[in-house]
Each structure stands twice: as C-alpha cells, then as structure tokens.
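J.:
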Amino acid sequence: MSTDVTDKSPAAAPPGGAGGGASRDLMQLVLGGLRRNMRQYGMLIALGLIVALFAVWTDGDLLLPRNVSNLVLQNSYILILAIGMMLVIIAGHIDLSVGSITAFVGAFAAVLTVQHSVSWPVALVLCLIVGALAGSLQGFLIAYLGIPSFIVTLAGMLLFRGLTEILLKGQTLGPFPNGLQKIGNGFLPQVGPNTNYHNITLLLGIVLIVFVVAQEVRDRSRQKEFSLDLLPRNLFLLKLVAIAASILVVTMLLASYKGAPIVLLILGALVVGYGYVMRNAIFGRHIYAIGGNLPAAKLSGVKDKKVTFTVFLNMGVLAALAGLVVASRLNAASPKAGLNFELEAIASAFIGGASMSGGVGTVLGAIIGGLVLGVLNNGMNLLSVGTDWQQVIKGLALLAAVGFDVWNKRKSGS
Amino acid sequence: MAGPVLEMRSIVKTFPGVKALSDVTLTVAQGEVHAICGENGAGKSTLMKVLSGVHPHGSYEGEILFDSEVCRFKDIRASEQRGIVIIHQELALVPHLSLAENIFLGNEHATRGLINWTETLKHATSVLRRVGLTDHPETRVSDIGVGKQQLVEIAKALSKEVKLLILDEPTAALNDEDSGKLLDLILELKNQGITSIIISHKLNEIRRVADSVTIIRDGRSIETLDVKSAETTEDRIISGMVGRDLDNRFPERTPHEAETGAAPAFEVRDWTVYHPIDQQRKVVDDVSLHVRRGEIVGIAGLMGAGRTELAMSVFGRSYGRYGGGTVLKDGTEIRTKSVAEAVGHGIAYVTEDRKHYGLNLIDTINRNISLTALGKVARRGVVDEHEERRVSEGFRKSMNIKAPTVFEPVGKLSGGNQQKVVLSKWIFAGPDVLILDEPTRGIDVGAKYEIYTVIDQLAAQGKAVVFISSELPELLGMCDRIYTMSAGRLTGEVPRAEATQEVLMRHMTKGDEDEMETGATR
Numbered sequence: 001m002s003t004d005v006t007d008k009s010p011a012a013a014p015p016g017g018a019g020g021g022a023s024r025d026l027m028q029l030v031l032g033g034l035r036r037n038m039r040q041y042g043m044l045i046a047l048g049l050i051v052a053l054f055a056v057w058t059d060g061d062l063l064l065p066r067n068v069s070n071l072v073l074q075n076s077y078i079l080i081l082a083i084g085m086m087l088v089i090i091a092g093h094i095d096l097s098v099g100s101i102t103a104f105v106g107a108f109a110a111v112l113t114v115q116h117s118v119s120w121p122v123a124l125v126l127c128l129i130v131g132a133l134a135g136s137l138q139g140f141l142i143a144y145l146g147i148p149s150f151i152v153t154l155a156g157m158l159l160f161r162g163l164t165e166i167l168l169k170g171q172t173l174g175p176f177p178n179g180l181q182k183i184g185n186g187f188l189p190q191v192g193p194n195t196n197y198h199n200i201t202l203l204l205g206i207v208l209i210v211f212v213v214a215q216e217v218r219d220r221s222r223q224k225e226f227s228l229d230l231l232p233r234n235l236f237l238l239k240l241v242a243i244a245a246s247i248l249v250v251t252m253l254l255a256s257y258k259g260a261p262i263v264l265l266i267l268g269a270l271v272v273g274y275g276y277v278m279r280n281a282i283f284g285r286h287i288y289a290i291g292g293n294l295p296a297a298k299l300s301g302v303k304d305k306k307v308t309f310t311v312f313l314n315m316g317v318l319a320a321l322a323g324l325v326v327a328s329r330l331n332a333a334s335p336k337a338g339l340n341f342e343l344e345a346i347a348s349a350f351i352g353g354a355s356m357s358g359g360v361g362t363v364l365g366a367i368i369g370g371l372v373l374g375v376l377n378n379g380m381n382l383l384s385v386g387t388d389w390q391q392v393i394k395g396l397a398l399l400a401a402v403g404f405d406v407w408n409k410r411k412s413g414s
Numbered sequence: 001m002a003g004p005v006l007e008m009r010s011i012v013k014t015f016p017g018v019k020a021l022s023d024v025t026l027t028v029a030q031g032e033v034h035a036i037c038g039e040n041g042a043g044k045s046t047l048m049k050v051l052s053g054v055h056p057h058g059s060y061e062g063e064i065l066f067d068s069e070v071c072r073f074k075d076i077r078a079s080e081q082r083g084i085v086i087i088h089q090e091l092a093l094v095p096h097l098s099l100a101e102n103i104f105l106g107n108e109h110a111t112r113g114l115i116n117w118t119e120t121l122k123h124a125t126s127v128l129r130r131v132g133l134t135d136h137p138e139t140r141v142s143d144i145g146v147g148k149q150q151l152v153e154i155a156k157a158l159s160k161e162v163k164l165l166i167l168d169e170p171t172a173a174l175n176d177e178d179s180g181k182l183l184d185l186i187l188e189l190k191n192q193g194i195t196s197i198i199i200s201h202k203l204n205e206i207r208r209v210a211d212s213v214t215i216i217r218d219g220r221s222i223e224t225l226d227v228k229s230a231e232t233t234e235d236r237i238i239s240g241m242v243g244r245d246l247d248n249r250f251p252e253r254t255p256h257e258a259e260t261g262a263a264p265a266f267e268v269r270d271w272t273v274y275h276p277i278d279q280q281r282k283v284v285d286d287v288s289l290h291v292r293r294g295e296i297v298g299i300a301g302l303m304g305a306g307r308t309e310l311a312m313s314v315f316g317r318s319y320g321r322y323g324g325g326t327v328l329k330d331g332t333e334i335r336t337k338s339v340a341e342a343v344g345h346g347i348a349y350v351t352e353d354r355k356h357y358g359l360n361l362i363d364t365i366n367r368n369i370s371l372t373a374l375g376k377v378a379r380r381g382v383v384d385e386h387e388e389r390r391v392s393e394g395f396r397k398s399m400n401i402k403a404p405t406v407f408e409p410v411g412k413l414s415g416g417n418q419q420k421v422v423l424s425k426w427i428f429a430g431p432d433v434l435i436l437d438e439p440t441r442g443i444d445v446g447a448k449y450e451i452y453t454v455i456d457q458l459a460a461q462g463k464a465v466v467f468i469s470s471e472l473p474e475l476l477g478m479c480d481r482i483y484t485m486s487a488g489r490l491t492g493e494v495p496r497a498e499a500t501q502e503v504l505m506r507h508m509t510k511g512d513e514d515e516m517e518t519g520a521t522r
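If you're matching them up, the sequences are chains A and S in order.
Residue 1 is where the first sequence starts when you use UniProt numbering, and the numbers rise one by one after that.
Residue 1 is where the second sequence starts when you use UniProt numbering, and the numbers rise one by one after that.
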C-alpha cells in the first residue's frame, strides 16, 4: 500500500513519522496563505457560511434556480455601484451622491424615451454622458478646488435627488421601450437544440471555467520562475476543481431557469475589466498610491488631481449605468429610486475589505461584500423577516466584518 | 549669583536601539539665562523632555533636583505644578481658539465645570501685558503673527506661575524683529526673577542673552562655559560642539576634478521661497548653487536653515510659495513647476522624511520601487508584473535590502532598509541629478556605510548629487564641495580641501547681520 503511494507521487513523504512532519508543513503553508489573505478568504468563507445557513433555514429555497436568478437581478445595481465605490474609497475619498445620481439618470432616461420618444440606444449613451458629467463636476470640485469629498457628494446627494423630483414632477414615469427593459430584466436568448438547459449559458460557463483555469495555471508557472512558496501540486489541483465546481453549479442553476441575465454579463465584464485595471494598469497603481500616502505619491510624480478627478468621473458613469439597470428593472423611473443605494455600496466596500484611511481594497472584495449583503437581504426576505429587523441584522454584519478586521490586525501587531 | 535652582545629574536615556543621552549633567543657577548648545541630534531636546516629564521618571537613569528637592515627574502636568514650563519648537496653540482660551487651556478658571469669563479675561489681559502684548484676549490665535504667538506661549507659561522657563529654539521660526523682541522679553523676565533655559543654534543670540552655556555632544554634556567671560568666543563654543574625531566611516573616494568650461549639470539661480502660511517670511532667500556631473555637493545648515525647503521647492514647487529664481540643466533653463516635470527632466528628490513623504508604508517593496517610473515596466498603460518583479528583485539584491521577498510591506522594514527602498525607487527612475535630503537619518552605522557606497557609485556613474545633511562628518567624508545655509541664505561655499567642521559651523551659525564671506571657488 505504502509503496503504491510513493510510486504515484515521488515527492510525497515516505510512510511513518516523517509523513506527519510533511503534512504539518503543508498545514503551515495553507495556514500561512490564509493568514496573509485573511480578509479575502475570511469574507469568502463568511459568504459561504451565510449561503449555507440560509439554504438550510429556507429548506433549500435560497438555491432554487429561480431564486438564484432573482438574487443576481436584485443585487446587480448595488454591485455595479460597489465597484466604483471601492475605487473611490481606495483613493481615500467617499461618494454619498451615487444613490441620487442613480435616480436622476433613471428619470432622465424616462423623460427621453417615454416623453420624447428618443430611441433607446441613443438614450442609453446620453444617460451615460449625463452620469459622466455629474461625476466630473463633483470630481472637479474635489480634486482641483480641494473641497472635501464628503461635503461635495453630500451636496450632490441633495442636489440630484431634488433634480430627479423636478424632472419627474414628483411622479412615476414609465413604461420603457423594449430594448431598455432588457438591460435589467432580460436574459440571453435561447438557441440550439432543446437540452432542458439554457445552451448559451452553459457554453459561457464552460468558457469561463477554461479561462479561469488557464489563468491560474499561467500564474503558477510564473510564480515558479521566482520560486516563491508555491501551493503543492495536489492542493493546487484541489483549488482548480473547487473553482470549476462552483462556477459550474451557478451556471447549471441559471441554465435550468431562464439562462444568464444580461445584467450578469455586464457585471462580469465590469469585474474582469476593473479588476485588471486595479491590478495591472498604471492608473490603478496610482489610485492605490494616492490613497496609501498622498504626500509620497505627489513627490513621486503621481498626478494626484487627475487621478482623483478620473475616479469620480468613473463613479458617475457607473452610477448612471446602475440607474439604467434600476429603472429598467422596475420598468419605470421613480423619484424614490436609488434611496440609500450609496450606503449599501459603501457598506459593501467596507465588508469587502476597504479601509477608512484608503489605499486598501480589491474589486473582488467589493463584489464579495455586496454579495454578503445581497444574500442576507434575499434570505431574510424568503424567511419573511421584516425590513426593521433586516436593517438591524445588516448593521450588525457590517460591524462584525470590520470589527473582525480590526481585531485581526491588532493581533498580528501591524 | 545664587545657588543652583536645577541640577540634573548623570542623566542616561535609552530608546530602543539608540542611546540618546549617555551621561548628561546640567546645573542651572537661580535667576540666570542658561543656554544649551549642540549639533542636531546631540540630545538637547531629549534632555528637556526628561526634565519636563514628557519622558516620565523611570524611563531614564540619573536624578533631577529642583529647588534642592529630588523630583520624579510622571508627566508634564507634574513638572508644571512645580513651575517648570517648556515651550516647544512647534507651537502648541489651538489656532481657532482665542488668546485667553489658549492661555488657560487645561487650566481654566472655572467653578463646577463652568468657565468664569470675567476672571479669565482679566487674568489673560494681565499676563499678556507682562509679555508686551496689547491685543484683546478674545482675538483668535490664527489672526496674530507667529512672533506674537510665541509671546502668547510665554504668557501661557507665566499664567502657570513659572519658575523655570525652557525655550526650545524659540526664534527658529521668527524674523529678526520678532526675535529681538523675544530675546528682550527673556531678559526682562530674568529681571523679574524667572530662570530660563534656552536651546539655540544661533550663537549671536546666545551671546546676547545667556549667562552661561552648556555644550552637549553625542548625548554627553561636554562643558559649561561662562558666556560673559572674554575667553568664551563663538569659536570656542563651536569647537566644543564639533570636537570629535573623524574615523573611517566612508568609502574611499577620489575627489572630483572640477571640469572647467562645460556648463554645470544642474544649477539653481536666485531661488526664493516664501513660507506657506506666514507669506511675508522668506524661508529661502536668493540662493544660487550648482553641481557638476560626477560631483557630490553638500548643503550644510542647522535646523531651520531652509535646506529642505529649498530642495522641495525646486523639486516641483512642493513647498511654500515660489518667490523667484530659475533652474538650469546642462546650461539650459528648465521648468520644474510640477513634480512630474522635474522627474521628466531627470531630477530626483529623496526626502528626509521617508515615512511621510517617501513611501507608501502599507504597500509592498515591489510597488514602492516601481511607482515613480511605472512607465518603464509597462506597455500601453498596463504594468508587466513579471518585469516589475524582476526589476525590484534586482534592487533587493544589489542594494542588499533585507527582506525575504519583494512582496513584504515596506512598513515592516527597519529604517535602513526603508531608506534603501526609497533610494532604489529613485535610482530606478534613472535621474541625472539626485537631491538627497538627510539620506542617513535614523539608520544604523552599517546601513549608513552601504548608503554612502551607493551615493559614491552614483557620482562615479556621472550623476550630479546634492547631499543635504546635518551631520558634518558625513558631509566632510563624502562631498567635493559644501555649501552652507543659515536662516534661508547661502552663507558659504567651501571646497573639500578647506572644509573642516569648525569652518562649516562658523558659516552655519552666521546671524543675519553677518556679511556673506566665503572661500568661494566660483
């Protein structure tokens, strides 16, 4: 038996006492990796636990294909906002105006398409431009005039809420043309043979798995060149299988209902795009640099004002996108749309590992944070918990996540 | 004169890794003005912090006798209760509160938590009179000048029934007129029976107000001189301050032969900078200097001489308000209005304060090194992490940065290793001109030698190096030529052959009234 094992993997430890030592090394490696990325793994584990808990409490209703599909649709706009908010917070600022801009853009879209019959692609582009203008106005005041972002965006929050009500004359406006409705409610079209599943969704899931696995393998081979502490081969394979399995499960769930929502594709593109920019682009580095130590970044030649301006411009565009998604999902523009969205987005970023003082955080973290809140929302709705208690519990979740972070940092003495 | 009011005996104070005071004895007579002199880092401020209870009893060795009683102050309040009040270099006033509120801050005239304003204003007016201020006590501190603010600090001390007043560099931030007023006040208070200790770099001021001076060097009290005696000349004080042997702490260096004819690699002409808040005050006043290719040029000066302010202002106007002057590279004028422009012209400024201005402490070695020149490891705005890692690994090895990988957060490194990261970052930017501001501050001797070697190599590669330092031996050991600054002005230019600590200190302590005289080579 023991010879059999050594034959298969020559690197594996010989049987007996030394085997215990090797597995202890392995444990240390895994624990070390966990400790280094405590925040990310911690929240991922917490998300897993929350999903598992609610799945049990709702007798599996949480994971019904229909509900998973709903979960994505319900949370997409908060996740879109959370990505932009993460950038703002990493840069050392805050944006309180995104909820109001969301509502304003929704109203603008309604006025264009419903009242003036502008075609929906034109309206969409105009809406994104309005978002960019709103963001760059605030960005200009913050970056170039040096007015604190809290004040500027607090003013923006009041201003754009007011403009929304003026635009809509206090009333709800709808319904939207068909094309615009699809953004928030649509699914990918069904094509090909009838397999009981949604074909394109399955295909996309498989492509995604191949892409992620290829990425991981490439990363590992690069790490090898620098002989950094590598995950052992079997553990690496386990990780790949785990990733592939979770993508597959979500894909199957979605594919057995109506397929992948269009907004999920938008969201996926945003996560990949912004994740890449924050990790690999000079622009992303500069955001981390100004948030981490502004004077040092300035003295390193980072154009801090331009970076700050762009971060707020970007937030405006993403808020406009979120506004379109919300309006399209409700199929109407309402003066009360987007209420408290800014707080949910900010909470997502902090649950996902952002730091009050800036310089820390990842796009993936914002998504995980947003999903934690989303699953809590959805799960409690399924359990018919009232909104009163929902707020209490979400507040406690935010406190617990950040409290854990502070405690963990103090323990490691950094 | 009367017997001693204060005796500090054999004070030893150790910080983790550094012995700040190794044996200091200080005796101050009743009713005198006692000056304390020494180079930057000699231990003057630490000594005063021990005396005033900032470093509490138990954290140092030795004993303190005040009014012939042994004192064991546990905090600054305890020493103030005995009548010892310290006025720090940085003013400790709250700008948005009134003079009266500031004077009695923490010491309010109050009954059961409610402030008695009548009493407060009456008392405030009387102490303000004593320091010669006629401003209304309800004026806000931010509305009066720095000179008056210094006087308010003293009024605050007087309100506490001060017996021993300690002033740490009281005139460092003041112009001539305000300095004069302040010194007169110290003499006036002396007549009222208040003993003062004054820490100052300016020897002319010491000669004007002090009765005796104690010299501190490398954490030891060297000697106490009677200022009024004819033997105590400024030269005598200087030789006490610098009297230390130069040992072999520097790499062998062949002095650079000044190539005549060719334009200097880097030149600053008639540079003037105003203070960012006190906009009338010139922090740098009409300074001109030049550096040739392959040359290391020092700038010596005491605290407040304007060296850092000059460097930062030249480097993208990063300090104060520009008041005129030009920068030339290889004989042609260049624009350095922003940091990006300065970097673009091949200028690098390595800050004296690496924690605040040099590094992003929460980020990795890797990312700190690449930040200034990300374009070099990127294509079309996208960083090639592979290449970036190769570059920073290279620096980790060549600069001997002690860290397991380049993914270590910079905040976890020791001071010397952090400094190597800052240097790596700027070397990676590939500059032609390096302005190094106190590159060896707060790091141990071994790491210092490594940094000297790097600087030497940079010069050998033909780069022009400006070396700002408060440690004279370091400048003497490394530089081809040394400029001296005092109170924002260039007060001397000394070639390597003529430079000694005494000569430099002489130029560095020149007051404003002294004419500029140099052993200039230009």
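Glycine is no exception: its CB is placed at the ideal position from the N, C-alpha and C atoms.
These numbers come from a predicted model, not from an experiment.
Mapping DSSP to helix, strand and coil, what is S:L246?
T.: The sequence position of residue 246 of chain S within the second sequence is 246, counting from 1. With a pLDDT of only 42 at S:L246, under the threshold of 50, the placement of this residue in the model should not be trusted; the figure read from the coordinates follows. The answer is coil: DSSP assigns S:L246 none of H, G, I, E or B.
J.: Quick one: what does DSSP say S:M399 is sitting in, helix, strand or coil?
T.: Residue 399 of chain S sits at position 399 when you count from the first residue of the second sequence. Correct three-state label for S:M399: coil.
J.: Can you check DSSP and say which residues form a bridge with residue 549 of chain S?
T.: This structure gives no information on residue 549 of chain S, because the portion of chain S shown stretches from 1 to 522.
J.: The beta strand (DSSP E) that contains S:D437, what's its start and end?
T.: In the second sequence, counting from the first residue as 1, residue 437 of chain S sits at position 437. Where S:D437 is concerned, the enclosing beta strand (DSSP E) stretches over V433 to D437.
J.: Kindly indicate which residue of A:R222, A:G205 and A:P261 has the alpha-carbon position closest to the one of A:I243.
T.: For the purposes of this step, residue 243 of chain A is taken as residue 243 along the first sequence, with counting starting at 1. Checking every option, the nearest Cα to that of A:I243 belongs to A:G205.
J.: Quick one: list the residues of chain S neighbouring A:G359, beta-carbon separation under 8 Å, in chain order.
T.: As a first step, residue 359 of chain A must be located in the first sequence, where it is residue number 359. Residues of chain S passing the Cβ test: N360, I362 and D363.
J.: In angstroms with no decimal places, state the Cα-to-Cα distance between A:Y257 and A:L248.
T.: One-based indexing of the first sequence puts residue 257 of chain A at position 257. One-based indexing of the first sequence puts residue 248 of chain A at position 248. So the alpha carbons of these two residues sit roughly 14 Å apart.
J.: Any contact between the stretch 343-355 of chain A and the stretch 257-267 of chain A? By contact I mean 3 or more CB pairs, one from each, below 8 Å.
T.: no
J.: 8 Å is my cut-off, CB to CB: does A:R222 come that close to chain S?
T.: The count along the first sequence starts at 1 and reaches residue 222 of chain A at position 222. For A:R222, the answer is yes, since a Cβ of chain S falls inside 8 Å of its Cβ.
J.: Could you say if the stretch 216-227 of chain S and the stretch 164-177 of chain S meet the contact criterion of at least three C-beta pairs nearer than 8 Å?
T.: no
J.: I'd like the list of long-range same chain contacts for S:K19, defined as Cβ closer than 7 Å, with 5 residues on each side in sequence excluded.
T.: Residue 19 of chain S sits at position 19 when you count from the first residue of the second sequence. The answer, listed in chain order, is G219.
J.: For S:Y322, which of helix, strand or coil comes out of DSSP?
T.: Against the second sequence, residue 322 of chain S aligns to sequence position 322. Strand at S:Y322.
J.: Using a cut-off of 9 Å between C-beta atoms, extract the partners of S:S318 located in chain A.
T.: If you number the second sequence from 1, residue 318 of chain S lands on position 318. Neighbours of S:S318 on chain A, chain order: P295, K298 and L299.
J.: State yes or no: is the C-beta of A:I282 within less than 8 Å of the C-beta of A:D304?
T.: As a first step, residue 282 of chain A must be located in the first sequence, where it is residue number 282. As a first step, residue 304 of chain A must be located in the first sequence, where it is residue number 304. Not closer than 8 Å, so no.
J.: Taking just the CA atoms, how far does S:F104 sit from A:L399?
T.: Counting from 1 along the first sequence, the entry for residue 399 of chain A is found at position 399. Counting from 1 along the second sequence, the entry for residue 104 of chain S is found at position 104. If you take the alpha carbons of A:L399 and S:F104, they lie about 40 Å apart.
J.: Should S:I238 be labelled buried (16 or more other beta-carbon atoms within 10 Å of its own) or exposed?
T.: Taking the first residue of the second sequence as position 1, residue 238 of chain S is located at position 238. The residue in question, S:I238, is buried, as its Cβ has 16 or more Cβ neighbours within 10 Å.
J.: Since A:K306 sits in a beta bridge, which residues does DSSP pair it with?
T.: Numbered from its first residue, the first sequence carries residue 306 of chain A at position 306. DSSP output for A:K306 lists no bridge partner at all.
J.: Are there 16 or more other CB atoms within 10 angstroms of the CB of S:E252, so buried, or fewer, so exposed?
T.: Translated into the one-based positions of the second sequence, residue 252 of chain S becomes position 252. Label assigned to S:E252: exposed.
J.: Using the C-alpha atoms, what's the distance from S:K122 back to S:T134?
T.: Here residue 134 of chain S is taken as the residue at index 134 of the second sequence, counted from 1. Here residue 122 of chain S is taken as the residue at index 122 of the second sequence, counted from 1. S:T134 and S:K122: Cα-Cα distance of roughly 13 Å.
J.: By Cβ distance below 6 Å, which residues in the same chain neighbour A:G139 in space, the five residues on each side in sequence not counted?
T.: If you number the first sequence from 1, residue 139 of chain A lands on position 139. Around A:G139: F309, F312 and L313.
J.: Which whole runs of the alpha helix (DSSP H) in the stretch 314-392 of chain A are 4 residues long or more, in chain order?
T.: Complete alpha helix (DSSP H) runs here, min 4: 341-351 and 363-382.
J.: Starting from S:A29, follow its DSSP beta bridges and name the residues at the other end.
T.: Counting from 1 along the second sequence, the entry for residue 29 of chain S is found at position 29. Answer by DSSP bridge pairing, in chain order: S:P4.
J.: Alpha carbon to alpha carbon, how far is S:E177 from S:D363? Give it in angstroms, no decimals.
T.: The residue labelled residue 363 of chain S in the question sits at position 363 within the second sequence. The residue labelled residue 177 of chain S in the question sits at position 177 within the second sequence. Taking the straight line joining both Cα atoms gives about 47 Å.
J.: Measure from the alpha carbon of A:G370 to the alpha carbon of each residue in A:D61, A:M85 and A:D59, then state which is nearest.
T.: Counting from 1 along the first sequence, the entry for residue 370 of chain A is found at position 370. The shortest Cα separation from A:G370 among A:D61, A:M85 and A:D59 belongs to A:M85.
J.: Could you pull out every residue in the same chain whose Cβ sits closer than 6 Å to the Cβ of A:A315, ignoring the five residues on either side in sequence?
T.: By one-based count along the first sequence, residue 315 of chain A stands at place 315. Note that residue 315 of chain A is Met in the sequence shown, not Ala. Around A:M315: G84, V88, D95 and G135.
J.: Nearest by alpha-carbon distance to S:N107: which of S:A157, S:Q280 and S:W271 is it?
T.: Translated into the one-based positions of the second sequence, residue 107 of chain S becomes position 107. If we check each option's Cα against that of S:N107, S:A157 comes out closest.
J.: Tell me the rounded alpha-carbon separation between A:G21 and A:G359.
T.: Position 21 of the first sequence, counted from the first residue, corresponds to residue 21 of chain A. Position 359 of the first sequence, counted from the first residue, corresponds to residue 359 of chain A. At A:G21, the pLDDT of 49 sits below 50, so the modelled position is not reliable and the matter cannot be decided from this model.
J.: Please look up how many angstroms separate the CB atoms of residue 483 of chain A and A:G99, rounded, as I've assumed it's under 8 Å.
T.: Outside the shown range of chain A (1 to 414) lies residue 483 of chain A, about which nothing can therefore be said.
J.: List the residues of chain S that A:Y288 touches, going by C-beta distances under 8 Å, in chain order.
T.: On the first sequence, position 288 is the one that residue 288 of chain A refers to. Per Cβ cutoff of 8 Å: N360, D363 and R367.
J.: Taking contact to mean at least 3 C-beta pairs separated by less than 8 Å, is the stretch 423-436 of chain S in contact with the stretch 379-387 of chain S?
T.: no
J.: In terms of alpha-carbon separation, which member of A:W120, A:L343 and A:A320 lies closest to A:G179?
T.: Taking the first residue of the first sequence as position 1, residue 179 of chain A is located at position 179. Considering only alpha carbons, the answer is A:W120.
J.: In the DSSP assignment, what residue or residues form a beta bridge with S:A300?
T.: Locating residue 300 of chain S in the second sequence gives position 300, counting from the first residue. According to DSSP, S:A300 bridges with S:S469 and S:T484.
J.: Who are the neighbours of S:L371 on chain A, taking C-beta pairs under 9 Å?
T.: Counting from one through the second sequence, the residue named residue 371 of chain S turns up at place 371. The answer, in chain order, is R285, H286, A289, A296, A297, S300, G301 and V302.
J.: Need the endpoints of the beta strand (DSSP E) that S:R217 sits in, please.
T.: Working through the second sequence from its first residue, we reach residue 217 of chain S at position 217. Where S:R217 is concerned, the enclosing beta strand (DSSP E) stretches over S212 to R217.
J.: Any chance you could list the alpha helix (DSSP H) runs of at least 4 consecutive residues sitting entirely within the stretch 70-150 of chain A, in chain order?
T.: 98-110 and 120-143
J.: Looking at chain S, is there any beta carbon in it that lies within less than 8 Å of the beta carbon of A:G379?
T.: Mapped onto the first sequence, residue 379 of chain A falls at position 379. So, not an interface residue.
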